[in-house]
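Chemist: To start, I am sharing the structure in question, which I have written as structure tokens.
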Amino acid sequence: MGAPFDLKMSDGIGVLTLNRPKSLNSLTFEVYRELVRFFEDARRDAKLKVVLVTGTGKGFCSGGDVFEIIGELVKMPMKGLLEFTRMTGDLVKAIRLLDRPVIAAVNGLAAGAGAVIALACDLRVCAASASFRFLFTQVGLTGADMGAGYLLPKIVGLSKATELLLLGDAVDAEAAARMGLANRVVPDAQLMDAAMEWAKRLAEGPGLAISMTKRMVQNELTMDVVSAVEAEAQAQALLLQGRDHKAFYEAFKEKRKPRFEGA
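Sequential numbering from 31 applies to the sequence shown in the numbering used here.
Here it is, written out as structure tokens:
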């Protein structure tokens, strides 16, 4: 077996491509472990500014491999099952806690855990042929898995999230865009160019401001309005002292493009 995913780094952008195309990039225990390790290590990589996640071939990710994961889980005692489900949640937490943008370039089916991985990313650029399916209930499991019950209502609203998680129906790219699940839909051949366009804009932007924005949006999900407004005031006071803000001001005075340092 080859590497579970390919990783290419260029100009601060890490392109992570799931690499099991024969099974639509299904997940195995090894893939989960390596993905968790990558995203946790990424927190300490100062050169990494943006992560772009996609899949090889016709699918983004079809979820857990039926034979390599499900076939093994049915034999496990509760302790092993809980260790596994916590590990899958560790992946979502690692994506959300990475204080740099993560973009999903959804090139086909994103089902089960694959749909939740895309959901955990900050932005989702979808090929016209892409689709999402939160199919956990269809295999006898709770639809609230890996944080889907937390994240999906915040993106598409409680009623729609409940429908998707209960019924497990497929959602095509255009429907995903209408409900806010997809940020952008493009022709299949333009997917990576469109995703890389956003990745480059983010990588060239004021890194500290972008990181702080992601962190604040995540933190404020569970705050009351008074706490949220105060937290934003404190964060903005810090950023007003940053070199990137001063770089913007100097560039504005000199009528040129600012040169951001990410600080």
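Built from N, CA and C at the ideal position, the CB exists for glycine as well.
In this text the structure is predicted, and so the values were computed from the model without any measurement.
So for THR192, helix, strand or coil by DSSP?
Modeler: As a position in the sequence shown, residue 192 is number 162, starting the count at 1. THR192: helix per DSSP, three-state reduction.
Chemist: Can you tell me the Cβ-Cβ gap for GLY173 and PHE166, rounded? I've got them flagged as a contact below 8 Å.
Modeler: For the purposes of this step, residue 173 is taken as residue 143 along the sequence shown, with counting starting at 1. For the purposes of this step, residue 166 is taken as residue 136 along the sequence shown, with counting starting at 1. 5 Å between Cβ atoms; contact.
Chemist: Relative to the C-alpha of PRO288, which candidate in THR243, ALA145 and PRO236 has its C-alpha closest?
Modeler: Residue 288 sits at position 258 when you count from the first residue of the sequence shown. Nearest to PRO288 by alpha-carbon distance, out of THR243, ALA145 and PRO236, is PRO236.
Chemist: Pull the bridge partners of CYS91 from the DSSP assignment, please.
Modeler: Within the sequence shown, the letter at position 61 stands for residue 91. Note: CYS91 sits in a beta bridge opposite ALA140.
Chemist: DSSP has ASP202 in a bridge; who is on the other side?
Modeler: Position 172 of the sequence shown, counted from the start, is the residue given in the question as residue 202. The partner list for ASP202 (beta bridge, DSSP) reads SER161.
Chemist: Considering just the uninterrupted stretch of the alpha helix (DSSP H) at MET242, what are its terminal residues?
Modeler: To locate residue 242, count along the sequence shown from 1; it is residue 212. Here the alpha helix (DSSP H) through MET242 covers 237-249.
Chemist: Let me confirm a value: ILE100 is counted as buried when at least 16 other C-beta atoms fall within 10 Å, else exposed. Which label applies?
Modeler: Here residue 100 refers to the residue found at position 70 of the sequence shown. ILE100 counts as exposed, since fewer than 16 other C-beta atoms from the protein chains shown sit within 10 angstroms of its C-beta.
Chemist: Which same chain residues, not among the five before or five after ASP274, have their C-beta less than 8 Å away from its C-beta?
Modeler: Start at 1 with the first residue of the sequence shown, and residue 274 comes out as number 244. For ASP274, the CB contacts under 8 Å within the same chain, skipping 5 residues up- and downstream, are PRO236, GLY237, LEU238, ALA239, PRO288, PHE290, GLU291, GLY292 and ALA293 in chain order.
Chemist: Is the Cβ-Cβ distance between SER241 and ARG130 less than 7 Å?
Modeler: Locating residue 241 in the sequence shown gives position 211, counting from the first residue. Locating residue 130 in the sequence shown gives position 100, counting from the first residue. The answer is yes: Cβ separation under 7 Å.
Chemist: In terms of residues, what are the limits of the beta strand (DSSP E) holding ARG20?
Modeler: Here the chain has residues from 31 to 293 only, and residue 20 is not among them.
Chemist: So GLY37 and LEU48 are supposed to be a Cβ contact under 8 Å. How far apart are they, rounded?
Modeler: Residue numbering aside, residue 37 sits at position 7 when the sequence shown is read from its first letter. Residue numbering aside, residue 48 sits at position 18 when the sequence shown is read from its first letter. What sits at residue 37 in the sequence shown is Leu, not Gly. Not quite, the Cβ-Cβ distance comes to about 11 Å (not below 8 Å), so this is no contact.
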